[in-house]
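Just so you know, the sequences run in chain order U and E.
Quick note: the first sequence uses our numbering, first residue 293, plus one each step.
Quick note: the second sequence uses our numbering, first residue 48, plus one each step.
From the three backbone atoms N, C-alpha and C, an ideal C-beta is built for every residue, glycine too.
Presented below is the structure to which this report refers.
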Amino acid sequence: SQTIHQWPATLVQPVGSPLSLECTVEGTSNPNLYWYRQAAGRGLQLLFYSVGIGQISSEVPQNLSASRPQDRQFILSSKKLLLSDSGFYLCAWRPSGANVLTFGAGSRLTVL
Amino acid sequence: RKEVEQDPGPFNVPEGATVAFNCTYSNSASQSFFWYRQDCRKEPKLLMSVYSSGNEDGRFTAQLNRASQYISLLIRDSKLSDSATYLCAVQDSGNTPLVFGKGTRLSVIA
Numbered sequence: 293s294q295t296i297h298q299w300p301a302t303l304v305q306p307v308g309s310p311l312s313l314e315c316t317v318e319g320t321s322n323p324n325l326y327w328y329r330q331a332a333g334r335g336l337q338l339l340f341y342s343v344g345i346g347q348i349s350s351e352v353p354q355n356l357s358a359s360r361p362q363d364r365q366f367i368l369s370s371k372k373l374l375l376s377d378s379g380f381y382l383c384a385w386r387p388s389g390a391n392v393l394t395f396g397a398g399s400r401l402t403v404l
Numbered sequence: 048r049k050e051v052e053q054d055p056g057p058f059n060v061p062e063g064a065t066v067a068f069n070c071t072y073s074n075s076a077s078q079s080f081f082w083y084r085q086d087c088r089k090e091p092k093l094l095m096s097v098y099s100s101g102n103e104d105g106r107f108t109a110q111l112n113r114a115s116q117y118i119s120l121l122i123r124d125s126k127l128s129d130s131a132t133y134l135c136a137v138q139d140s141g142n143t144p145l146v147f148g149k150g151t152r153l154s155v156i157a
């Protein structure tokens with residue numbers, strides 16, 4: 293069966309520090325991968341998505357970046373965090389050509 | 048800008064009540080529709096897809112109205128365990144990402 297793993301689950305980072313969130317999917321190949329952010333009082337905001345290795349589409353210009361170094365690995369990064377980067381980051385996947393989206397357990401980031 | 052709008056909530060209802068949520072979408076070409084449930088501090092989980100003819104899963108009924116560009120979720124005989132935030136999601140086509148509404152919070156009260 294397919295599973296999605298996301299880590300770390302929780303982190304507290306100072307302003308200006310770097311960030312790396314990782315997401316891996318097991319039990320499938322060539323999935324479509326997504327990073328969403330849910331800030332307090334706001335909805336799910338799509339940040340990046342990828343339909344294949346090395347293919348990244350950015351939805352919102354900001355100080356975050358994403359990479360897909362392997363078929364089932366999706367990484368969200370920042371060189372310097374801002375206070376406004378605080379939020380609940382959710383990785384999600386779905387089979388290529390299908391439309392059922394499954395989320396990871398999320399990474400809760402607090403920037404102080 | 049493609050948008051998905053939901054009833055702001057919160058909805059506070061007694062156990063056993065029937066509650067309905069609506070969600071409107073701006074892109075008339077949208078093809079796929081979903082309802083997700085999100086518990087506090089957890090990830091959203093798929094509740095049900097919404098089919099053109101409407102579909103039912105136990106106490107939950109989802110409907111699509113393409114002419115008016117909205118989807119609805121009806122929950123009958125509400126349980127305390129139904130308390131959560133309900134998110135609607137819309138997809139245009141193929142591999143395009145899902146666009147989510149901001150969610151409607153439901154509290155079922157004993």
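At what residues does the beta strand (DSSP E) containing residue i begin and finish?
i	result
E103 of chain E	102 to 104
L336 of chain U	336 to 344
A114 of chain E	Neither: A114 of chain E is in no beta strand (DSSP E) and is coded neither H nor E.
S357 of chain U	356 to 362
T320 of chain U	Looking at the DSSP string, T320 of chain U is not in any beta strand (DSSP E), and its letter there is neither H nor E.
R12 of chain E	The question about residue 12 of chain E has no answer, for chain E in this structure spans 48 to 157.
C135 of chain E	131 to 138
R88 of chain E	R88 of chain E -> no beta strand (DSSP E), and no H or E assigned at all.
Q294 of chain U	Segment: none, Q294 of chain U is in no beta strand (DSSP E) and carries neither H nor E.
On a CA-only basis, which of the options is nearest residue i? Give me that one, please.
i	options	result
E50 of chain E	E:I156, E:K89, E:L153, E:P144	E:P144
G344 of chain U	U:S388, U:Q305, U:V392	U:S388
A384 of chain U	U:S350, U:N355, U:S342, U:V352	U:S342
A114 of chain E	E:L153, E:V66, E:L93, E:S77	E:S77
G63 of chain E	E:R84, E:S73, E:I122	E:I122
P306 of chain U	U:Q347, U:L338, U:Y326, U:S376	U:S376
N355 of chain U	U:A397, U:T394, U:F340, U:P323	U:F340
S408 of chain U	U:L338, U:Q330, U:D363, U:R329	The structure shown does not extend to residue 408 of chain U, since chain U is modelled only from 293 to 404, so the question has no answer here.
Y381 of chain U	U:L338, U:P323, U:T316, U:N324	U:L338
S75 of chain E	E:I118, E:T151, E:A67	E:I118
V97 of chain E	U:G396, U:A332, U:V392, U:G398	U:V392
Q347 of chain U	U:R386, U:T316, U:V304, U:L325	U:L325
G148 of chain E	U:A397, U:L336, U:L303	U:L336
L120 of chain E	E:F81, E:Y72, E:S73	E:F81
For residue i, does the count of other Cβ atoms within 10 angstroms reach 16, so buried, or fall short, so exposed?
i	result
T132 of chain E	buried
R88 of chain E	exposed
D86 of chain E	exposed
I156 of chain E	exposed
A358 of chain U	buried
W318 of chain U	Looking at the sequence itself, residue 318 of chain U is Glu, so the reference to Trp does not match. The residue is exposed, with fewer than 16 neighbouring Cβ atoms inside 10 Å.
S140 of chain E	exposed
T65 of chain E	exposed
V146 of chain E	buried
Q294 of chain U	exposed
R334 of chain U	exposed
P91 of chain E	buried
S79 of chain E	buried
N112 of chain E	exposed
Q110 of chain E	buried
Touch test, the stretch 117 to 132 of chain E against the stretch 397 to 404 of chain U, Cβ-Cβ under 8 Å, three pairs minimum:
no
Any contact between the stretch 91 to 106 of chain E and the stretch 53 to 63 of chain E? By contact I mean 3 or more CB pairs, one from each, below 8 Å.
no
Check whether the stretch 310 to 319 of chain U touches the stretch 369 to 382 of chain U, taking contact to mean three or more Cβ pairs, one atom from each stretch, closer than 8 Å.
With a cut-off of 8 Å, the stretch 369 to 382 of chain U and the stretch 310 to 319 of chain U count as touching, because enough Cβ pairs lie within range.
Any contact between the stretch 295 to 303 of chain U and the stretch 349 to 356 of chain U? By contact I mean 3 or more CB pairs, one from each, below 8 Å.
no
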